[in-house]
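Notes follow the structure.
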């Protein structure tokens, strides 16, 4: 199955004429949707049956039975889908690429010492440091400034919109922006056109220029995450108690001082949560690099290298080791968010 | 409620707007307004370029920038016809079957986790038992596990079953080539966040209503069906929108568990594949990308309020 990912599927649809295609498309649609309806019918039917049967139970087994029915499926899915695989991936990371023998920590040695991976780790660190900070800063700027504009909802919606677009779609949008041609010809990429108009007559081929290309790829993530930061931070600003701001204003604070001494401290925890959340997204990002460069031209990052090792080269040992490294890297970030939650729960 | 972390958990309550307005007004200047307008234009222009290009004839797309369309308008729908039904340039067929796959993956991929997680959330919130707190934090803690940790073992499970030594624990169900691996994976991966979000909401339903129903002799199953689900509808809607967009826009799960075949692969996975083959045929790539964006954009713009609510509940708390 996965071996076929990078080859064209042999099973094709006739590419002759439209009427024929419309028919085959309709048959395709009907066939696929009968699968969906069958799956939903089985799922809901089984659920109704269990609810009906378990709902009639009486006596001292009623409670444990209800707990098992309500919680059982979720716990089973979590074990099969997350708990056991996590243990197994850790185990596979200690074995050779074909999982035939134990090789100890050699996969980790490879991950931290081999020169091509070195570039990957450096890029990943650059991503984590730059992209979340810029996305959060831009989001905060918009959250602070947008409310004074008439029809602010329009601006907010437009800045928020990229959040609904897939990373693959976003990458195609920006790949087109970064399109570069021989400066002698008319440009079709927006970025080249703009810099030429501004007087830079021989702009580089953006995507091929390392280390600039890393930053150009980060722009895509920043473009999608700024709206997220804006929405969450705007809500936090709106939640600052009125008397606090009023008191500060009575004391003569305004502009930058009000921001620095009142607004920022009051939304500090939200600011950090936004930052860590975008960092987690950044660490796991692989769609952007995969669509833009496939990891070439010095742009590879950890999550995409993990995918390539695992499912392109089928090096399960190395792929698993990279997954474990990714896991360990996100652990403190998510851990921080969990501590935030615990504190919040205890104050409730 | 003096902790700012708590304050942000009720962001949509109708607080007096004046405080916030006061904060913002103190930054008031025409430069600030200009900055926002410039930023919005920058944020929107790339998408406009994509949309315009997808309607331009191939020859013009290759020869001139999309911005020239405003002085020399010339539009066509043929790119959409080609990219949906025909393909070309090394791409065997159109995107239509993949668009159907995306729908076929996303609907159960949203409904399965929604139902299973709301059941678990109800049990954790209202059927208190010894260990329910441990399970709740265990579920929440599982959010730390990146999907990447689960890919190889799950792929092996779907394609060969599970074995311990020579003992088969789980038979090979021969699921490859069906939607099941993708549906199951999306359901599994959605669990931690879904249970957490829905638990927060369901736990806050009025205690009197629950107790009255119990006194009347209603079983947990009846309470769940006739009280919890209707009352939790806003939270269910928020999560459903979130999950819908997540599954529709996903690449990692689709690419790993559905491959690239027209039988099961979703549109996004296919788009990622053809982005190389279509190469410089921007009129096709932009049309394909826009097709993949229409559904999420409609969902987003029509249900933005629910989307924001889910986002705030999930990210600020998590």
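Residue numbers (the working numbering), protein chains in the order written: chain A, 1 to 348; chain B, 1 to 318.
Backbone N, C-alpha and C fix where the C-beta goes; we use that ideal spot for every residue, glycine too.
Keep in mind the model is a prediction, meaning the values are calculated, not measured.
Let me confirm a value: residue i is counted as buried when at least 16 other C-beta atoms fall within 10 Å, else exposed. Which label applies?
i: residue 264 of chain A; result: exposed
i: residue 98 of chain B; result: buried
i: residue 91 of chain A; result: exposed
i: residue 91 of chain B; result: buried
i: residue 250 of chain A; result: exposed
i: residue 257 of chain A; result: exposed
i: residue 364 of chain A; result: Outside the shown range of chain A (1 to 348) lies residue 364 of chain A, about which nothing can therefore be said.
i: residue 126 of chain B; result: buried
i: residue 102 of chain B; result: buried
i: residue 291 of chain A; result: buried
i: residue 228 of chain A; result: buried
i: residue 289 of chain A; result: buried
i: residue 125 of chain A; result: exposed
i: residue 305 of chain A; result: buried
i: residue 14 of chain B; result: Here residue 14 of chain B scores only 43 on pLDDT, less than 50, and its place in the model should not be relied on; the value that follows carries that caveat. Looking at its Cβ environment, which holds fewer than 16 other Cβ atoms inside 10 Å, residue 14 of chain B is exposed.
i: residue 260 of chain A; result: exposed
i: residue 185 of chain B; result: buried
i: residue 73 of chain B; result: exposed
i: residue 325 of chain A; result: buried
i: residue 308 of chain B; result: buried
i: residue 163 of chain B; result: exposed
Can you list, in chain order, the residues of its chain with a C-beta nearer than 8 Å to that of residue i? Leave out the 5 residues immediately preceding and following it.
i: residue 244 of chain A; result: 262, 266
i: residue 202 of chain A; result: 183
i: residue 34 of chain A; result: none
i: residue 309 of chain A; result: 315, 318, 319, 322
i: residue 131 of chain A; result: 218, 221, 222, 225, 278, 282
Please name the residue or residues paired with residue i in a DSSP beta bridge.
i: residue 168 of chain B; result: B:163
i: residue 88 of chain B; result: B:91
i: residue 354 of chain A; result: Chain A is shown from 1 up to 348; residue 354 of chain A falls before or after that span and cannot be answered.
Less than 7 Å between the CB of residue i and some heavy atom of the ligand GDP, yes or no?
i: residue 44 of chain B; result: Judged by which ligands are present, the structure shown has none, so any question about the ligand GDP falls away.
Note down, in chain order, each residue of its chain lying with its Cβ closer than 6 Å to the Cβ of residue i, except the 5 sequence neighbours on either side.
i: residue 242 of chain B; result: 310
i: residue 286 of chain B; result: 50, 53, 54
Could you tell me which chain A residues have their CB closer than 9 Å to the CB of residue i, listed as they occur along the chain?
i: residue 213 of chain B; result: In chain order: nothing, as chain A lies at least about 13 Å away.
i: residue 279 of chain B; result: Result: empty, since nearest Cβ-Cβ is about 11 Å, beyond 9 Å.
i: residue 101 of chain B; result: 32
i: residue 127 of chain B; result: 63, 66, 67, 70, 71
i: residue 179 of chain B; result: 32, 35, 36, 39
For residue i, which residues of its own chain have a beta-carbon under 7 Å away from its beta-carbon, when the five flanking residues on both sides are left out?
i: residue 189 of chain A; result: 176, 177, 178, 179, 180
i: residue 210 of chain A; result: 297, 298
i: residue 340 of chain A; result: 269, 273
i: residue 132 of chain B; result: 124
i: residue 334 of chain A; result: 280
i: residue 116 of chain A; result: none
i: residue 270 of chain B; result: 95, 98, 260
Starting from the beta carbon of residue i, find every residue of chain A whose beta carbon is closer than 7 Å, and list them in chain order.
i: residue 117 of chain B; result: 74
i: residue 152 of chain B; result: 89, 92, 310, 316, 319, 320
i: residue 40 of chain B; result: 155, 158, 159
i: residue 308 of chain B; result: 231
i: residue 243 of chain B; result: Correct list: empty, because the minimum Cβ distance to chain A is about 13 Å.
Taking C-beta pairs closer than 8 Å, name the residues in chain B that residue i reaches, listed in chain order.
i: residue 174 of chain A; result: 46
i: residue 128 of chain A; result: The contacting residues do not exist; residue 128 of chain A stays about 14 Å from chain B at best.
i: residue 186 of chain A; result: 63, 64, 65
i: residue 131 of chain A; result: Correct list: empty, because the minimum Cβ distance to chain B is about 16 Å.
i: residue 313 of chain A; result: Ordered by position in chain B, no residue passes the 8 Å Cβ test against residue 313 of chain A, which lies about 13 Å from the chain.
i: residue 196 of chain A; result: Chain B residues near residue 196 of chain A: none, gap ~11 Å exceeds 8 Å.
i: residue 193 of chain A; result: 65, 67
i: residue 223 of chain A; result: 43, 46
Check the Cβ of residue i against every Cβ in chain A and list those closer than 8 Å, keeping chain order.
i: residue 89 of chain B; result: Per Cβ cutoff of 8 Å: no residues; residue 89 of chain B is ~11 Å from chain A at best.
i: residue 104 of chain B; result: 32, 33, 35, 36
i: residue 188 of chain B; result: 77, 78, 80, 81, 82
i: residue 74 of chain B; result: Chain A residues near residue 74 of chain B: none, gap ~15 Å exceeds 8 Å.
Since residue i meets chain B, which of its residues come closer than 7 Å, beta carbon to beta carbon?
i: residue 54 of chain A; result: 221
i: residue 85 of chain A; result: 149, 150, 153, 154
i: residue 103 of chain A; result: Here the premise fails: no neighbours, minimum Cβ distance about 16 Å.
i: residue 291 of chain A; result: 272, 275
Output, in chain order, the set of chain B residues within a Cβ distance shorter than 9 Å of residue i.
i: residue 338 of chain A; result: 137, 140, 141, 143, 144, 318
i: residue 161 of chain A; result: 43, 44, 47, 297, 300, 301
i: residue 326 of chain A; result: 146, 148, 149
Whole alpha helix (DSSP H) elements within the stretch 124-196 of chain B, 4-residue minimum: 132-141, 148-160
Those runs of the alpha helix (DSSP H) which lie wholly inside the stretch 19-50 of chain A and span at least 4 residues: none
Scan the stretch 254-284 of chain A and note each continuous beta strand (DSSP E) run of 3 residues or more that stays entirely inside, going in chain order. none
Fully enclosed by the stretch 136-163 of chain A, which alpha helix (DSSP H) runs are 4 residues long or longer? 152-160
Could you name each continuous alpha helix (DSSP H) segment of 4 residues or more that falls completely within the stretch 245-318 of chain B, going from the start of the chain to the end? 252-258, 267-277, 282-302, 304-311
Taking only runs that begin and end inside the stretch 31-72 of chain B, name each unbroken alpha helix (DSSP H) of 4 or more residues, in chain order. 58-63
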